[in-house]
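There are 2 protein chains.
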Amino acid sequence: MLELIDWNQRISRKDYDLWYPQLEIELGNCQRAARKAGLPMIWVFEGWHAAGKGLLINRLTQALDPRGFRVHLMTVPTAEEARRPWLWRYWMNLPSAGEIAIFDHSWYYRVLEERLRGDISDEEAARAYGDILEFERQLTAGGVLIHKFWLHVDAKEQRKRFRALQKDPATAWKVTKGYWRQNRDYDRWVQAVEETLARTNTADAPWTIVEAAQGKFTRVKVIRTLTQRVRDALAARDDARPMTAAPMPVPDANTLVHPTVLDRVDLTLSLTRDAYEKKLKRLRSRLYDLEHLAYLAKIPIVIAYEGWDAAGKGGNIKRLTRGLDPRGYQVVPIGPPTDEERRHHYLWRFWRHIPKTGHITIFDRSWYGRVLVERVEGFCTEREWKRAFSEINEFEHQLVDFGTVIVKFWLHIDQDEQLRRFQDRANTPSKQWKITDEDWRNREKWAQYELAVVDMLERTSTIYAPWTILEANCKLYARIKSLQTVADAMQAAINQR
Amino acid sequence: MLELIDWNQRISRKDYDLWYPQLEIELGNCQRAARKAGLPMIWVFEGWHAAGKGLLINRLTQALDPRGFRVHLMTVPTAEEARRPWLWRYWMNLPSAGEIAIFDHSWYYRVLEERLRGDISDEEAARAYGDILEFERQLTAGGVLIHKFWLHVDAKEQRKRFRALQKDPATAWKVTKGYWRQNRDYDRWVQAVEETLARTNTADAPWTIVEAAQGKFTRVKVIRTLTQRVRDALAARDDARPMTAAPMPVPDANTLVHPTVLDRVDLTLSLTRDAYEKKLKRLRSRLYDLEHLAYLAKIPIVIAYEGWDAAGKGGNIKRLTRGLDPRGYQVVPIGPPTDEERRHHYLWRFWRHIPKTGHITIFDRSWYGRVLVERVEGFCTEREWKRAFSEINEFEHQLVDFGTVIVKFWLHIDQDEQLRRFQDRANTPSKQWKITDEDWRNREKWAQYELAVVDMLERTSTIYAPWTILEANCKLYARIKSLQTVADAMQAAINQR
Numbered sequence: 001m002l003e004l005i006d007w008n009q010r011i012s013r014k015d016y017d018l019w020y021p022q023l024e025i026e027l028g029n030c031q032r033a034a035r036k037a038g039l040p041m042i043w044v045f046e047g048w049h050a051a052g053k054g055l056l057i058n059r060l061t062q063a064l065d066p067r068g069f070r071v072h073l074m075t076v077p078t079a080e081e082a083r084r085p086w087l088w089r090y091w092m093n094l095p096s097a098g099e100i101a102i103f104d105h106s107w108y109y110r111v112l113e114e115r116l117r118g119d120i121s122d123e124e125a126a127r128a129y130g131d132i133l134e135f136e137r138q139l140t141a142g143g144v145l146i147h148k149f150w151l152h153v154d155a156k157e158q159r160k161r162f163r164a165l166q167k168d169p170a171t172a173w174k175v176t177k178g179y180w181r182q183n184r185d186y187d188r189w190v191q192a193v194e195e196t197l198a199r200t201n202t203a204d205a206p207w208t209i210v211e212a213a214q215g216k217f218t219r220v221k222v223i224r225t226l227t228q229r230v231r232d233a234l235a236a237r238d239d240a241r242p243m244t245a246a247p248m249p250v251p252d253a254n255t256l257v258h259p260t261v262l263d264r265v266d267l268t269l270s271l272t273r274d275a276y277e278k279k280l281k282r283l284r285s286r287l288y289d290l291e292h293l294a295y296l297a298k299i300p301i302v303i304a305y306e307g308w309d310a311a312g313k314g315g316n317i318k319r320l321t322r323g324l325d326p327r328g329y330q331v332v333p334i335g336p337p338t339d340e341e342r343r344h345h346y347l348w349r350f351w352r353h354i355p356k357t358g359h360i361t362i363f364d365r366s367w368y369g370r371v372l373v374e375r376v377e378g379f380c381t382e383r384e385w386k387r388a389f390s391e392i393n394e395f396e397h398q399l400v401d402f403g404t405v406i407v408k409f410w411l412h413i414d415q416d417e418q419l420r421r422f423q424d425r426a427n428t429p430s431k432q433w434k435i436t437d438e439d440w441r442n443r444e445k446w447a448q449y450e451l452a453v454v455d456m457l458e459r460t461s462t463i464y465a466p467w468t469i470l471e472a473n474c475k476l477y478a479r480i481k482s483l484q485t486v487a488d489a490m491q492a493a494i495n496q497r
Numbered sequence: 498m499l500e501l502i503d504w505n506q507r508i509s510r511k512d513y514d515l516w517y518p519q520l521e522i523e524l525g526n527c528q529r530a531a532r533k534a535g536l537p538m539i540w541v542f543e544g545w546h547a548a549g550k551g552l553l554i555n556r557l558t559q560a561l562d563p564r565g566f567r568v569h570l571m572t573v574p575t576a577e578e579a580r581r582p583w584l585w586r587y588w589m590n591l592p593s594a595g596e597i598a599i600f601d602h603s604w605y606y607r608v609l610e611e612r613l614r615g616d617i618s619d620e621e622a623a624r625a626y627g628d629i630l631e632f633e634r635q636l637t638a639g640g641v642l643i644h645k646f647w648l649h650v651d652a653k654e655q656r657k658r659f660r661a662l663q664k665d666p667a668t669a670w671k672v673t674k675g676y677w678r679q680n681r682d683y684d685r686w687v688q689a690v691e692e693t694l695a696r697t698n699t700a701d702a703p704w705t706i707v708e709a710a711q712g713k714f715t716r717v718k719v720i721r722t723l724t725q726r727v728r729d730a731l732a733a734r735d736d737a738r739p740m741t742a743a744p745m746p747v748p749d750a751n752t753l754v755h756p757t758v759l760d761r762v763d764l765t766l767s768l769t770r771d772a773y774e775k776k777l778k779r780l781r782s783r784l785y786d787l788e789h790l791a792y793l794a795k796i797p798i799v800i801a802y803e804g805w806d807a808a809g810k811g812g813n814i815k816r817l818t819r820g821l822d823p824r825g826y827q828v829v830p831i832g833p834p835t836d837e838e839r840r841h842h843y844l845w846r847f848w849r850h851i852p853k854t855g856h857i858t859i860f861d862r863s864w865y866g867r868v869l870v871e872r873v874e875g876f877c878t879e880r881e882w883k884r885a886f887s888e889i890n891e892f893e894h895q896l897v898d899f900g901t902v903i904v905k906f907w908l909h910i911d912q913d914e915q916l917r918r919f920q921d922r923a924n925t926p927s928k929q930w931k932i933t934d935e936d937w938r939n940r941e942k943w944a945q946y947e948l949a950v951v952d953m954l955e956r957t958s959t960i961y962a963p964w965t966i967l968e969a970n971c972k973l974y975a976r977i978k979s980l981q982t983v984a985d986a987m988q989a990a991i992n993q994r
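For the protein sequence lines, the chains are A and B, in the order given.
Here the numbering used here is used: the first residue of the first sequence is 1, the next is one more, and so on.
Here the numbering used here is used: the first residue of the second sequence is 498, the next is one more, and so on.
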């Protein structure tokens, strides 16, 4: 692939002076239009050492309103970053609506530098390609414009540039051992680069190879490519039929094939108070020990609670955390998104809170809101929630791949039990704060939620992150089962180390 | 002080069983009431090693709704944290409205552990006390409830506990060399602890010394203290006359003593296009070099732009950044706060963006909004903006203390010039997006803003962070002067290293 590129492209000073000022204005206009449209953009710059990446980014940004972009130089992960799945640091630096994130090195650092340096195994590199494809697809599906550039020169030219840099005391420090290593290993690098370009050159996140013999040519080509891309994206938005989102209608009686997974739940399961107290005590001390062992084994743990209103999520979480050292866990309640969260991909707010190694995050409601409340209430479009099933599976897979233990609970009660609990709350002064009009409104949509829950359980119960249904008509039974499930999952992960 | 404490306090099992369940319920009620009232709380736990801090926090949190608190274990700063002023990591972990942040070790780690270990000099410790007092005062003035606990046992008891821990293989790892060092140096530690308690025991952020012989007694005392504190705080809120905020009226003609600092600005200063181009070119290459040198010298740089609408802030920032490597700076535009920002202290959103060592942050509008737009429009109360002058001086002092260079610009134009620019914008299609109804509304409040600006300049131009007024009727002149000012400030800081 690369050998077919004539990297030695140039344009004349005269043409450049004629075109470039106009191109800069166009790029500025594109930025403004994208900001107005709320379009987030990611521009990735990769290339050979000394191909002129730094200078290019420098000049490019001069055409931009500095209030609307951010340049991220990504190389070796910091200690904090290394304690999370490898894509975490990119999630944390995503552009919000209308902003531009410029990556000087990017997630491709992993499949190029880290791989060729031998920092990661071949198997890890193979998985990284999968992660990258998922990552970029999730973002572009979520409306982010991604464009990637590879700055290309040949090995001889690279050597020439290194020597020129070394001659000047002001730039000699730039030419590190890593630079020369790349030049010596140029052929091995070419293979890795070609594999990378071939595997990750998708329609929505394409690569442009830039012949980087001359700064002027490079800049002109990059700006032309970007402005065209932005214009196309904005035009496509204007053309697109506006996506409408509507609340789910009451499902047809035949939509669900009974008995569903929920119908089969045995809600008569129960525990006596005595048996409960005894088991609880034992489980608590077991969990306390396991938390410490998981900390030593550097295992991150994610626990997500979903369930019907009044099914007992809060009480369940309270019993679980009572057994834990509060320095090692965090409970994250998920309500309506804040406005910063709204300006990002919907998974961003969960990436923000994933635990680092040795820590536990408990989500009180979770990313499954996308396929539950957002689907039922019409807070997102049909395409969005349909896409979410695989996006969620990918998200969880990336966590598990890093060694994270995931436990997901659906707290199940039946309609009669819910009514009893609502009435009890309404009639008990000390519990009235627990019940709201929204609870009653949600209850009227039981059939819609039932359909959404069954879909969710069927589509997102994976081998690596299975759902556990808690039979919660008896609160005591549900609590013991959840603590037991968490303890067993932690134990299994610890044994595997 | 500490020698007068009879640390060996106990309560009987019977009394404990009688009181404790009720105390737990009360603490839970307090948490709920505080959440409803939007009261943020910070509970600090410090004490001797093995005094029972971990267990206390563990038991305390069992009485709380786990969705409303977060425990922060703060010890040695991470590499990222060490690249910012030392209080930064505490700012980043502040509770938002209605939440509880529990600190297991806190900012007192610096004046105890770090000081006694010799990690920081006596002078740094002395300054740290000042920083702590400012920090706590800023937070409590902003409505945060702070309570601090010191868990006390004597040296003999501590030794006994260490030995007991060491005997049990499950806990032996806890007793580190640092533990024994504290015991050996107990007397030196007592001095430091007493100094700390004495200097930082303020009315709004008090210390409670807890006799920690027995876990039961400790818990009862801590919960009683906290519930009383929360109840008092909520009652005081109810009693307080609601603070009203109102737009500033047109000031009386005699309010400002003319000539003010603004009257004395020579707005006839100007530059020809030729002279401008020549100077600009020289300054740019100088700034590019300085940025690199400042990076090597690990100097963080903060540049804040304030000024009249249409005074040319945007164009000025653009010329400044054009000379810089975009990997080393970030421009942060300050608009209305997001809802996450609204739930925190008003300085929090600026702490979020302060540069780490070797980096530059340019604020397009800044924390001075508090004493400008918020004062004029009545977005905050009179007490709040009056307090802000010293809070801002303290904030900037803490940055400078860390080695940060601060450059602050006021872009000054006169009313006629502003009108000309507004009309030009309104009449030029390509510039119309730049002018809004709000600009015209602000213009009507020129007299109010003038008063606010003069106050601001007079009260916050400090030796360590002086204001530079840019004579901006001639845009070219203002640009050159700002670049020159930044370059000189960077140069001076580099020379000092």
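No residue lacks a Cβ here, since even glycine has one placed at the ideal position from N, Cα and C.
Treat the numbers as computed from the prediction; the structure is a model and nothing was measured.
Who are the Cβ neighbours of residue i in its own chain at under 6 Å, not counting the five residues just before and after it?
i: A:A205; result: E136, T140, I146
i: B:E838; result: R846
i: B:H546; result: Y676, Q679
Smallest Cα separation from residue i: which of the options?
i: B:M745; options: B:W545, B:A737, B:Y513, B:A944; result: B:A944
i: B:E803; options: B:E888, B:L520, B:G812, B:I796; result: B:G812
i: B:E774; options: B:N526, B:W540, B:A989, B:L973; result: B:L973
i: A:Q214; options: A:L55, A:Q182, A:N183; result: A:L55
i: A:L2; options: A:D325, A:C380, A:W207; result: A:W207
i: B:D911; options: B:T765, B:K931, B:T959; result: B:T765
i: A:R163; options: A:W150, A:N183, A:V76, A:H152; result: A:N183
i: B:F795; options: B:G565, B:A579, B:A530, B:R507; result: Residue identity check: residue 795 of chain B is Lys in the sequence provided, not Phe. It is B:A579 whose Cα lies nearest to the Cα of B:K795.
i: A:V44; options: A:N93, A:R35, A:D6, A:T272; result: A:N93
i: B:R862; options: A:N29, A:I57, A:R67, A:Y20; result: A:R67
i: A:E260; options: A:I469, A:I334, A:I494, A:P336; result: The sequence as given places Thr at residue 260 of chain A; Glu does not occur at that position. Nearest of A:I469, A:I334, A:I494, A:P336 to A:T260, Cα basis: A:I469.
Of all Cβ atoms in chain A, is any one closer than 8 Å to the Cβ of residue i?
i: B:P485; result: What is shown of chain B runs 498 to 994, which leaves residue 485 of chain B out entirely.
i: B:P823; result: yes
i: B:L570; result: yes
i: B:N813; result: no
i: B:N555; result: yes
i: B:P563; result: yes
i: B:R940; result: no
i: B:Q827; result: yes
From which residue to which residue does the alpha helix (DSSP H) around residue i run?
i: B:W845; result: 845 to 848
i: A:Y16; result: 13 to 37
i: A:L139; result: 122 to 141
Do you know offhand how far residue i's Cα is from residue j's?
i: B:I903; j: B:R956; result: 16 Å
i: B:V897; j: B:E891; result: 10 Å
i: A:F402; j: B:R510; result: 47 Å
i: B:N505; j: B:R716; result: 14 Å
i: A:G323; j: A:S390; result: 34 Å
Which same chain residues end up closer than 8 Å to residue i when comparing Cβ atoms and leaving out the 5 residues on each side of it in sequence?
i: A:T321; result: Y329, V331, I362
i: B:W937; result: F919
i: A:I494; result: L290, L293, A294, A297, I299
Against chain B, does residue i count as a neighbour if the rule is that its beta carbon must be under 8 Å from one of theirs?
i: A:D204; result: no
i: A:E24; result: no
i: A:D364; result: yes
Residues in the same chain with beta-carbon distance under 7 Å from residue i, minus the five sequence neighbours each way, listed in chain order, please.
i: A:A487; result: L283, R286, L287, L290
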